[in-house]
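Below is one structure, written out as structure tokens, with a few remarks after it.
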Amino acid sequence: MASSNSMKGFTLLESMVVLFLFIVAIVISAQVYVGFMNSAVLAESFQLGLDNFRYGAERILNEIKSGSNFTVSLSSLEFFDRRCKKIKIFPSSTNLIFEANSIQVPLFDNELVEVNSFNLYYDTPSGGNAYFQKASATKFFLINYKINLKTKITNIPLDIWQGVAPFNNVFPNNPCF
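And the structure:
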């Protein structure tokens, strides 16, 4: 009978190699997980900022559509809304202000959107009868927003153009006077 003194098992070196590979796999997995979480936070912050901007821009669009008697400068707009209330839209330091009935409200959340510039371009019709606003009313506005969407990780600059044609160009006369 032959006796066997060999023991079955792993050597210390084999065990350390397996432990090292296991630690490397955990570190790589953790880095991938952190990358996914940062991407998710960035995407969520970007979407919140974009939704906030979209809400404010749509408010401007809807008010201009139904407005009349526009007084325009390069960066501010005054007009009457559909209920003949005086509306003014103008920039402040990092936001746009919507003023109605002498009450000023910022259009965007300062923690989500930073307005760098707000420019208005419009057509300038000429001629016409004072009774018929159709011949002299502004027919089209082109609005340029240069904004930064503020995310928790970085700021994302955007240059957005918006066009709007007011309904007042089909009114036979001035609806507010």
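Numbering (this note's numbering), first residue to last: 2 to 178.
The C-beta atom is built at its ideal place from N, Cα and C for all residues, glycine as well.
For clarity, every value in this text was computed on a predicted model and none was experimentally measured.
{"Query": "My output table needs one value for residue 156: the three-state DSSP class, helix, strand or coil.", "Result": "strand"}
{"Query": "Cα separation between residue 71 and residue 154?", "Result": "40 angstroms"}
{"Query": "What number of angstroms, rounded off, separates the C-alpha of residue 92 from the C-alpha of residue 146?", "Result": "11 angstroms"}
{"Query": "Use the C-beta contact count for residue 64: other C-beta atoms within 10 angstroms, 16 or more gives buried, fewer gives exposed.", "Result": "buried"}
{"Query": "Since residue 152 and residue 40 should fall inside the 8 angstroms C-beta cutoff, what is the C-beta to C-beta distance between them, to a whole number of angstroms?", "Result": "Going by Cβ atoms, the distance from residue 152 to residue 40 rounds to 11 angstroms, so no, they are not a contact pair."}
{"Query": "Candidates 98, 21, 164: which alpha carbon is nearest residue 111's?", "Result": "98"}
{"Query": "By a C-beta neighbour count over all protein chains shown, 10 Å radius and 16 as the cutoff for buried, is residue 80 buried or exposed?", "Result": "buried"}
{"Query": "Secondary structure at residue 141, three-state DSSP: helix, strand or coil?", "Result": "coil"}
{"Query": "Within the same chain, show all residues whose beta-carbon is closer than 6 angstroms to that of residue 133, passing over the 5 residues directly before and after it, in chain order.", "Result": "Because the pLDDT at residue 133 is just 47, under 50, the model does not fix this residue reliably, and the value given afterwards should be weighed accordingly. Hits under 6 angstroms: none found."}
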